[in-house]
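Chains as they are written, first to last, in the working numbering: chain C, 36 to 240; chain L, 7 to 84.
And the structure:
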């Protein structure tokens with residue numbers, strides 16, 4: 036095997052530089068390494084298997100075509116996520132099927148108490164083990180809540196809380212300032228939290 | 007008096023354990039001072055965990071990787 040693409044040793048940066056030199060094996064390793072994560076993000080954005088697959092295909096096709104523009108000043112994974120995010124957003128904008136919330140309908144959530152009205156006594160769901168709470172029904176509740184978020188909020192939530200990017204990497208991926216990332220993340224989390232609060236109030240009482 | 011934006015930044019930094027010790031103590035005192043605030047904070051943390059756990063197992067169909075590689079070979083190589 037080419038030294039550029041030695042699977043055990045090559046890190047992402049090595050692979051990207053090899054791919055920039057035209058090494059297609061290196062590019063395929065990049066695809067193998069990252070396609071699961073890109074698919075998860077694409078599915079989270081589109082909620083549709085075939086559309087998610089098309090987003091992944093277009094993401095890597097665009098990545099190969101523009102690999103020369105990768106300069107190494109962002110992490111390779113962040114560069115791929117940036118292409119994936121733009122591809123998913125463009126696809127969603129061209130289709131505009133599902134209604135989402137308007138920008139100002141996502142709760143502001145500046146404080147943890149001042150703008151939250153608990154409609155009834157708090158339920159103790161924060162103390163339940165995750166395994167006990169994570170039912171397919173709850174998964175559907177979370178999906179529905181995330182799906183309702185405006186696309187730009189949903190993207191930040193998925194990149195930060197599901198994909199585990201740092202706030203800095205999310206900001207670089209979506210082209211926002213770090214304070215804006217934090218604000219969108221907080222408002223998205225508060226929105227999903229409120230949907231879960233409603234669900235658990237009915238389920239646990 | 008801090009602005010709304012500063013409050014959000016402080017809360018997210020607290021949540022990610024990036025606050026300076028004195029600010030961290032101030033936020034903890036605030037959270038502990040009110041049952042509703044405490045409940046919201048605890049469920050906020052739980053929401054992040056549940057959201058991640060419910061979404062992270064999503065994977066493509068088993069045959070997607072070979073189909074993807076075949077698609078890319080067809081569209082990228084002369």
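Glycine residues also receive a C-beta, built at the ideal position from the N, C-alpha and C atoms.
Model, not experiment: these values are computed from the prediction.
Which chain L residues sit within Cβ distance under 8 Å of residue i?
i: residue 174(C); result: 60
i: residue 95(C); result: 74, 78
i: residue 197(C); result: 57, 58, 61, 62
i: residue 232(C); result: 49
i: residue 75(C); result: 61, 62, 64, 65
What residues of chain L sit near residue i, judged by a beta carbon separation below 7 Å?
i: residue 79(C); result: 61
i: residue 217(C); result: 14, 15, 18
i: residue 214(C); result: 11, 15
i: residue 160(C); result: 49, 52
i: residue 91(C); result: 74
i: residue 221(C); result: 14, 17, 18
i: residue 126(C); result: By Cβ distance, chain L contributes nothing, its closest Cβ being about 16 Å from residue 126(C), past 7 Å.
Over what stretch of residues does the alpha helix (DSSP H) that includes residue i continue unbroken?
i: residue 77(L); result: 70-82
i: residue 17(L); result: 10-21
i: residue 123(C); result: 111-130
i: residue 274(C); result: Since the first residue of chain C shown is 36 and the last is 240, residue 274(C) is not available in this structure.
i: residue 208(C); result: 202-209
i: residue 78(C); result: 59-81
i: residue 174(C); result: 171-183
i: residue 160(C); result: It is not in any alpha helix (DSSP H) - residue 160(C) carries neither H nor E in the DSSP assignment.
i: residue 53(C); result: 47-55
i: residue 101(C); result: Element bounds for residue 101(C): n/a, residue is neither H nor E.
i: residue 63(L); result: No alpha helix (DSSP H) holds residue 63(L); DSSP gives it neither H nor E.
i: residue 193(C); result: Run containing residue 193(C): none; DSSP gives neither H nor E here.
i: residue 108(C); result: Segment: none, residue 108(C) is in no alpha helix (DSSP H) and carries neither H nor E.
i: residue 168(C); result: 165-168
i: residue 34(L); result: 27-38
Contact defined as beta carbons within less than 8 Å: I believe residue i pairs with residue j. What is the distance between those atoms, to the nearest angstrom?
i: residue 193(C); j: residue 48(C); result: Their Cβ separation, rounded to whole angstroms, is 24 Å, which puts residue 193(C) and residue 48(C) out of contact at 8 Å.
i: residue 91(C); j: residue 116(C); result: Contact doesn't hold; Cβ gap of about 12 Å is too wide.
i: residue 241(C); j: residue 94(C); result: Any property of residue 241(C) remains undetermined from this structure, which presents chain C solely from 36 to 240.
i: residue 36(L); j: residue 43(L); result: 7 Å
i: residue 120(C); j: residue 69(C); result: Rounded, the Cβ-Cβ distance is 13 Å, inconsistent with contact.
i: residue 181(C); j: residue 209(C); result: Contact doesn't hold; Cβ gap of about 16 Å is too wide.
i: residue 168(C); j: residue 234(C); result: Contact flag wrong, Cβ pair sits at about 10 Å.
i: residue 122(C); j: residue 97(C); result: 7 Å
i: residue 24(C); j: residue 176(C); result: Outside the displayed range of chain C (36 to 240) lies residue 24(C), so it cannot be described from this structure.
i: residue 205(C); j: residue 189(C); result: Their Cβ separation, rounded to whole angstroms, is 12 Å, which puts residue 205(C) and residue 189(C) out of contact at 8 Å.
i: residue 86(C); j: residue 75(L); result: Going by Cβ atoms, the distance from residue 86(C) to residue 75(L) rounds to 20 Å, so no, they are not a contact pair.
i: residue 105(C); j: residue 114(C); result: 6 Å
i: residue 197(C); j: residue 58(L); result: 6 Å
Quick one: which chain L residues come within Cβ less than 9 Å of residue i?
i: residue 64(C); result: Per Cβ cutoff of 9 Å: no residues; residue 64(C) is ~11 Å from chain L at best.
i: residue 225(C); result: 46, 50, 53
i: residue 99(C); result: 78, 81, 82
i: residue 86(C); result: Result: empty, since nearest Cβ-Cβ is about 12 Å, beyond 9 Å.
i: residue 56(C); result: Chain L residues near residue 56(C): none, gap ~15 Å exceeds 9 Å.
For residue i, return the contacting residues in chain C, with the cut-off set at a CB-CB distance below 9 Å.
i: residue 71(L); result: 66, 67, 70, 71
i: residue 68(L); result: Chain C residues near residue 68(L): none, gap ~12 Å exceeds 9 Å.
At 8 Å on the CB atoms, spell out the chain C contacts of residue i, in chain order.
i: residue 35(L); result: Within chain C, no residue comes near residue 35(L); the closest Cβ sits about 13 Å away, beyond 8 Å.
Which chain A residues are close to residue i, counting only those with a beta carbon under 7 Å from its beta carbon?
i: residue 228(C); result: The question asks about chain A, but that chain is absent: this structure's protein chains are C and L.
Segment contact, 8 Å Cβ cut-off, at least three pairs: the region 214-228 of chain C with the region 9-27 of chain L: Of all C-beta pairs linking the region 214-228 of chain C to the region 9-27 of chain L, three or more are shorter than 8 Å, placing the two stretches in contact.
Contact set between the region 16-31 of chain L and chain C, restricted to residues whose Cβ is under 7 Å from the partner: Flagged, chain order: 17, 18.
Near-chain L residues of the region 162-188 of chain C - C-beta to any C-beta below 8 Å: For the region 162-188 of chain C, which is checked against every Cβ of chain L, the residues closer than 8 Å are 162, 165, 168, 169, 173, 174, 177, 178, 181.
Inter-stretch contact at 8 Å, needing at least 3 Cβ pairs: the region 157-171 of chain C / the region 51-62 of chain L: Taking 8 Å as the limit for Cβ pairs, the verdict is that the region 51-62 of chain L does touch the region 157-171 of chain C.
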